[in-house]
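*Asks:* Got a structure for you, questions after.
Protein chains: 2
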Amino acid sequence: MATIKDIAKQAGVSVTTVSRALNGYDDVNEDTRKKIKRIAEELSYSPNAVARSLVSKKTRTIGLIISDINRAGAKDAFAYEVLCGINDRAGDLNYDLLLFSTNPSKQMEKSYTALCKERNVEGAILSGLRLNDPYLQEVIDQNSFPCVLIDIPKTGDNVAYITSDSRIGAGMAVRHLLDGGHRQIAMINGHDQAFVSKERLAGFQDALEEAALAPRPDCVYDGSFTEDGGAEAMYQILIRHPEVTAVFCASDLMALGALRTLERMGRKVPEDMSVIGFDDISIAAYCSPKLTTIRQDKYELGYQGAQLLIDMLENRTDNRKIMLNNQLIVRESTRPLAK
Amino acid sequence: MATIKDIAKQAGVSVTTVSRALNGYDDVNEDTRKKIKRIAEELSYSPNAVARSLVSKKTRTIGLIISDINRAGAKDAFAYEVLCGINDRAGDLNYDLLLFSTNPSKQMEKSYTALCKERNVEGAILSGLRLNDPYLQEVIDQNSFPCVLIDIPKTGDNVAYITSDSRIGAGMAVRHLLDGGHRQIAMINGHDQAFVSKERLAGFQDALEEAALAPRPDCVYDGSFTEDGGAEAMYQILIRHPEVTAVFCASDLMALGALRTLERMGRKVPEDMSVIGFDDISIAAYCSPKLTTIRQDKYELGYQGAQLLIDMLENRTDNRKIMLNNQLIVRESTRPLAK
DNA sequence: TCCTATTTCCGAAACGTTTCGGATAAAGTT
DNA sequence: AACTTTATCCGAAACGTTTCGGAAATAGGA
Numbered sequence: 017m018a019t020i021k022d023i024a025k026q027a028g029v030s031v032t033t034v035s036r037a038l039n040g041y042d043d044v045n046e047d048t049r050k051k052i053k054r055i056a057e058e059l060s061y062s063p064n065a066v067a068r069s070l071v072s073k074k075t076r077t078i079g080l081i082i083s084d085i086n087r088a089g090a091k092d093a094f095a096y097e098v099l100c101g102i103n104d105r106a107g108d109l110n111y112d113l114l115l116f117s118t119n120p121s122k123q124m125e126k127s128y129t130a131l132c133k134e135r136n137v138e139g140a141i142l143s144g145l146r147l148n149d150p151y152l153q154e155v156i157d158q159n160s161f162p163c164v165l166i167d168i169p170k171t172g173d174n175v176a177y178i179t180s181d182s183r184i185g186a187g188m189a190v191r192h193l194l195d196g197g198h199r200q201i202a203m204i205n206g207h208d209q210a211f212v213s214k215e216r217l218a219g220f221q222d223a224l225e226e227a228a229l230a231p232r233p234d235c236v237y238d239g240s241f242t243e244d245g246g247a248e249a250m251y252q253i254l255i256r257h258p259e260v261t262a263v264f265c266a267s268d269l270m271a272l273g274a275l276r277t278l279e280r281m282g283r284k285v286p287e288d289m290s291v292i293g294f295d296d297i298s299i300a301a302y303c304s305p306k307l308t309t310i311r312q313d314k315y316e317l318g319y320q321g322a323q324l325l326i327d328m329l330e331n332r333t334d335n336r337k338i339m340l341n342n343q344l345i346v347r348e349s350t351r352p353l354a355k
Numbered sequence: 017m018a019t020i021k022d023i024a025k026q027a028g029v030s031v032t033t034v035s036r037a038l039n040g041y042d043d044v045n046e047d048t049r050k051k052i053k054r055i056a057e058e059l060s061y062s063p064n065a066v067a068r069s070l071v072s073k074k075t076r077t078i079g080l081i082i083s084d085i086n087r088a089g090a091k092d093a094f095a096y097e098v099l100c101g102i103n104d105r106a107g108d109l110n111y112d113l114l115l116f117s118t119n120p121s122k123q124m125e126k127s128y129t130a131l132c133k134e135r136n137v138e139g140a141i142l143s144g145l146r147l148n149d150p151y152l153q154e155v156i157d158q159n160s161f162p163c164v165l166i167d168i169p170k171t172g173d174n175v176a177y178i179t180s181d182s183r184i185g186a187g188m189a190v191r192h193l194l195d196g197g198h199r200q201i202a203m204i205n206g207h208d209q210a211f212v213s214k215e216r217l218a219g220f221q222d223a224l225e226e227a228a229l230a231p232r233p234d235c236v237y238d239g240s241f242t243e244d245g246g247a248e249a250m251y252q253i254l255i256r257h258p259e260v261t262a263v264f265c266a267s268d269l270m271a272l273g274a275l276r277t278l279e280r281m282g283r284k285v286p287e288d289m290s291v292i293g294f295d296d297i298s299i300a301a302y303c304s305p306k307l308t309t310i311r312q313d314k315y316e317l318g319y320q321g322a323q324l325l326i327d328m329l330e331n332r333t334d335n336r337k338i339m340l341n342n343q344l345i346v347r348e349s350t351r352p353l354a355k
């Protein structure tokens, strides 16, 4: 592994000159620069980023703490799409990504802050964290390095967040059902340690209120963002609220569970029951019936999140908050109530 | 940012002692160790991994070059599942992952070798590369750091690979069709810059030969591993080979494309045409009809790939090759030929 | 010719660790 | 009493860069 010293020796100059030649400073003669470059080439020199970081304090690396990178996430590829967005933008701007091994099974001994500080990442993007995550608060409080939270509305000097407008999105979903004449609408929500659950619930209630309907907290079930949870919640709804004609699910995955239960129970969708989801995962366009849903641009979440972080790193912005719009995608799982 | 020096000063000992105390060497008095640990805690010291790497030459980091991390990959979450497997195993074994920003759009100026050497990763896992990738050969030839290739059968002192047995898998698929009495079988293959395409084609031919059928190279179409490609290939097959009753697709994504074409053309699956895929992506279990396919354990590809790499890093193995088994999953898109 | 700029180079320190080869002092051995 | 052990500590070098503050040599200007 050739170093800058080897080059210096061979070229008969100092390491300073080699460094400056290779880094394009203009106080080095073009002939010596050529020579140095040639020798570097010959020795197949490649700079040692570790040594460089040690002195420059820069790593051009962004830490990623994405707790929902796991097998289960393959169906809704939420984490994946976010990651793609981050990867693309960070790549464009020449940052590498360091994926921390956040091992959820054995609870971690090191906090996110410690991880990031140790590895000298310049900033971090955190996704998939629960609101009650023990290390989350520390990151926000210590405020010690720039970070972007996905779907967690906290800000600070060094912390920003990005999310999509779940409240309005949920409102759109429910209004879509209301527009179809549905009045008895249930909701299957995610677990309550997610900000988006609260927002989607609020959006649900907003829409009911707007339609002068009484809020129905008893018709809101917890599907904990899983397919099985959605299936079970749907089952409870069928049993306890036979009057319900439409259900709003806070995620497509739960909606798939709901569809499963409905099929098992012999209810036709959308004839007997309208179902609307949230996210627009890829399965939504393929399942049967195809799922009406609220599309969330997960890729953009990552893409703009990365952009925001890098802007913060390079002091280009005071913005600490980005809110993306969602979009209603009408497919086959909802339809107006037959009169 | 407190350093080891600050601790040394405050504790009235040398940096050597601090280092040794913190790293659990036994030539330091337990009382001083306690004291040092306490002070480290007070100063919220965290070791600088960059400095440490510089001297130890170890980064405990694995480089990831996964060229198919992109938006399009969200449907078949192949890259994602592989990543999950890598992430889990690497996490268990305490390695972090460095995701290189391989920007496919603007062709890269740095080779994979250069990237890995610069950042001092201890080894790398490469996935999604085409056989004719300009930098791939260099990695293999230079042999300069341990690496594991996914789905590319090349080995060397420092290079190993992992794949699943596509040839046998394809054979299983085609045999399934043959067992159902099908005799006119077409194939939609992936692009020819993938090792698995060659293998799946070979498996297809194996099975035909075994059944004493003539090889039908004219019935093999290129769907380039995309949904649209599969749709187009299916269209060609319908036009040119009306006698075909079953089609084997080298990926589920292409099979989805084929299904789309068949639906558009008014052909019923499986009544008029049997379709079998490869991969078992999550959509396969939800689409209509549900796709019969060959399941590939993508997660395990990553998991065992990571294990293999780390075993190489730590000189625990001479193994340079892992072959995983695939499994036939019969669903709704195939059925015996009506006599 | 003398003075000032300009061009081109370099020595040495610094970044934060680890580790080698001792050094010192106390304890044990004969 | 004169050794040898043992326990505990430390100085200094090393890892491969970058960068600060000059220095030497050459060119330009009067």
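In order, the protein sequence lines correspond to chains A and B. One rule links them: number in our numbering = place in the first sequence (from 1) + 16. One rule links them: number in our numbering = place in the second sequence (from 1) + 16. By construction, the Cβ of each residue, glycine as well, lies at the ideal position given by its N, Cα and C atoms. Owing to the predicted nature of the structure, the values given are computational and were not obtained by experimental measurement.
Answer yes or no: does any C-beta atom of chain B fall closer than 7 Å to that of PHE116 (chain A)?
*Replies:* So yes, PHE116 (chain A) belongs to the interface.
*Asks:* So what's ARG36 (chain B) in DSSP terms, helix, strand or just coil?
*Replies:* Helix at ARG36 (chain B).
*Asks:* DSSP three-state call for LEU275 (chain A): helix, strand or coil?
*Replies:* DSSP places LEU275 (chain A) in helix when its eight states are reduced to three.
*Asks:* Compare the C-alpha of VAL175 (chain A) against each of A:LEU142, A:ASN148, A:ASP181 and A:ALA186 and name the closest.
*Replies:* The residue with the shortest Cα to Cα distance from VAL175 (chain A) is A:LEU142.
*Asks:* Counting only runs that start and end within the segment 257 to 342 of chain B, where is the alpha helix (DSSP H) found for 4 or more residues in a row?
*Replies:* Entirely contained in the segment 257 to 342 of chain B, the alpha helix (DSSP H) runs reaching 4 residues are, in chain order, 268 to 280 and 314 to 329.
*Asks:* Does the segment 201 to 208 of chain B come close enough to the segment 238 to 253 of chain B that 3 or more CB-CB pairs lie under 8 Å?
*Replies:* With the cut-off at 8 Å, the segment 238 to 253 of chain B and the segment 201 to 208 of chain B touch.
*Asks:* Three-state secondary structure (DSSP) at ASP47 (chain A)?
*Replies:* ASP47 (chain A): helix per DSSP, three-state reduction.
*Asks:* Who are ASN205 (chain A)'s beta bridge partners in DSSP?
*Replies:* Paired residues: A:ASP238.
*Asks:* Say whether chain A places a C-beta atom closer than 7 Å to the C-beta of VAL155 (chain B).
*Replies:* For VAL155 (chain B), the answer is no, since every Cβ of chain A falls outside 7 Å of its Cβ.
*Asks:* Throw me the rounded Cβ distance for the LEU38 (chain A) and ALA56 (chain A) pair, which I believe falls under 8 Å.
*Replies:* Yes, they are in contact, since the Cβ atoms of LEU38 (chain A) and ALA56 (chain A) sit about 7 Å apart, within 8 Å.
*Asks:* For the segment 123 to 139 of chain B, which residues have a CB atom closer than 7 Å to at least one CB atom of chain A, in sequence order?
*Replies:* Of all residues in the segment 123 to 139 of chain B, ALA130, LYS133, GLU134, ARG135 and ASN136 have a Cβ within less than 7 Å of some Cβ in chain A.
*Asks:* Please compile the residues from chain A whose C-beta is within a distance smaller than 9 Å of the C-beta of CYS303 (chain B).
*Replies:* By Cβ distance, chain A contributes ILE299, TYR302, CYS303 and SER304.
*Asks:* Apart from the five residues on each side of it in sequence, which residues of its chain come closer than 7 Å, Cβ to Cβ, to TYR1 (chain B)?
*Replies:* Outside the modelled stretch of chain B, which goes from 17 to 355, sits residue 1 (chain B), for which no answer is possible.
*Asks:* Helix, strand or coil for ASP112 (chain A), going by three-state DSSP, please let me know.
*Replies:* In the structure shown, ASP112 (chain A) sits in a strand (DSSP, three-state: E or B).
*Asks:* Quick one: Cα of LEU114 (chain A) to Cα of GLY79 (chain A), how far?
*Replies:* When rounded, the distance between both Cα atoms is 5 Å.
*Asks:* Where does the unbroken beta strand (DSSP E) through ALA176 (chain B) begin, and where does it stop?
*Replies:* Note, ALA176 (chain B): beta strand (DSSP E), 175 to 180.
*Asks:* ALA93 (chain A) versus chain B: which residues are under 7 Å apart at the beta carbon?
*Replies:* Going along chain B in sequence order, the residues near ALA93 (chain A) (Cβ under 7 Å) are ALA90, ALA93 and TYR96.
*Asks:* Can you give the Cα-Cα distance for TYR319 (chain B) and ASN341 (chain B), rounded to whole angstroms?
*Replies:* For TYR319 (chain B) and ASN341 (chain B), the distance between alpha carbons rounds to 14 Å.
*Asks:* Which of helix, strand or coil does DSSP assign to VAL164 (chain B)?
*Replies:* The answer is strand: DSSP assigns VAL164 (chain B) an E or B state.
*Asks:* What are the residues of the segment 61 to 86 of chain A that lie near chain B, defined by any Cβ-Cβ distance shorter than 8 Å?
*Replies:* From the segment 61 to 86 of chain A, only SER62, PRO63, ASN64, ALA65, VAL66, ALA67, SER69, LEU70, THR75, THR77, LEU80, ILE85 and ASN86 have a Cβ closer than 8 Å to chain B.
*Asks:* Could you spell out the range, first to last residue, of the alpha helix (DSSP H) harbouring ALA67 (chain B)?
*Replies:* 65 to 72 is the span of the alpha helix (DSSP H), which, as asked, contains ALA67 (chain B).
*Asks:* Could you compute how far the alpha carbon of TYR151 (chain B) sits from the alpha carbon of LEU145 (chain B)?
*Replies:* Using only the alpha carbons, I get a separation of about 10 Å.
*Asks:* Just reading off the alpha helix (DSSP H) that ILE78 (chain B) is part of, what are its end residues?
*Replies:* From DSSP, ILE78 (chain B) is part of no alpha helix (DSSP H) but of the beta strand (DSSP E) over 77 to 82.
*Asks:* Please confirm if the segment 328 to 346 of chain A is in contact with the segment 164 to 182 of chain A, defined as three or more CB-CB distances below 8 Å between the two stretches.
*Replies:* The answer is yes - the segment 164 to 182 of chain A touches the segment 328 to 346 of chain A, with three or more Cβ pairs under 8 Å.
*Asks:* So, GLN200 (chain B) versus THR277 (chain B), is the Cβ gap smaller than 7 Å?
*Replies:* Not closer than 7 Å, so no.
*Asks:* What does ASP112 (chain B) touch in chain A if you count any residue whose Cβ is under 8 Å from its own?
*Replies:* Result: LEU114, LEU115, PHE116, SER117 and ARG135.
*Asks:* Beta-carbon of CYS235 (chain A) versus every beta-carbon of chain B: anything under 7 Å?
*Replies:* No - not a single Cβ of chain B is within 7 Å of the one on CYS235 (chain A).
*Asks:* Can you give me the start and stop residues for the beta strand (DSSP E) that LEU131 (chain B) sits inside?
*Replies:* LEU131 (chain B) -> not in any beta strand (DSSP E); alpha helix (DSSP H) instead, spanning 128 to 134.
*Asks:* Taking 7 Å as the threshold (C-beta atoms), are GLY273 (chain A) and GLU243 (chain A) in contact?
*Replies:* Result yes, Cβ atoms of GLU243 (chain A) and GLY273 (chain A) sit closer than 7 Å.
*Asks:* Would you be able to state if there are at least three C-beta pairs under 8 Å between the segment 316 to 336 of chain A and the segment 288 to 305 of chain A?
*Replies:* As far as the Cβ criterion goes, the segment 288 to 305 of chain A does not touch the segment 316 to 336 of chain A, which means the pair count is below three.
*Asks:* Residues of chain A with CB closer than 7 Å to the CB of LEU224 (chain B), please, in chain order.
*Replies:* Near LEU224 (chain B) there are no residues of chain A at all, since even the closest Cβ is about 31 Å away, more than 7 Å.
*Asks:* Between which two residues does the alpha helix (DSSP H) containing LEU224 (chain A) stretch?
*Replies:* Residues 211 to 226.
*Asks:* For the segment 259 to 288 of chain A, which residues have a CB atom closer than 8 Å to at least one CB atom of chain B, in sequence order?
*Replies:* If the cut-off is 8 Å between Cβ atoms, the segment 259 to 288 of chain A has LEU272 near chain B.
*Asks:* Contact between the segment 218 to 237 of chain B and the segment 165 to 175 of chain B is defined here as three or more beta-carbon pairs at a separation below 8 Å; is this criterion met?
*Replies:* The segment 218 to 237 of chain B vs the segment 165 to 175 of chain B: no contact.
*Asks:* Between TYR315 (chain B) and chain A, is the shortest Cβ-Cβ distance under 7 Å, so that the two count as touching?
*Replies:* Yes, because at least one Cβ of chain A sits closer than 7 Å to the Cβ of TYR315 (chain B).
*Asks:* Could you give the distance in angstroms between the alpha-carbon of LEU70 (chain B) and the alpha-carbon of PRO305 (chain B)?
*Replies:* Rounded to the nearest angstrom, the two C-alpha atoms are 57 Å apart.
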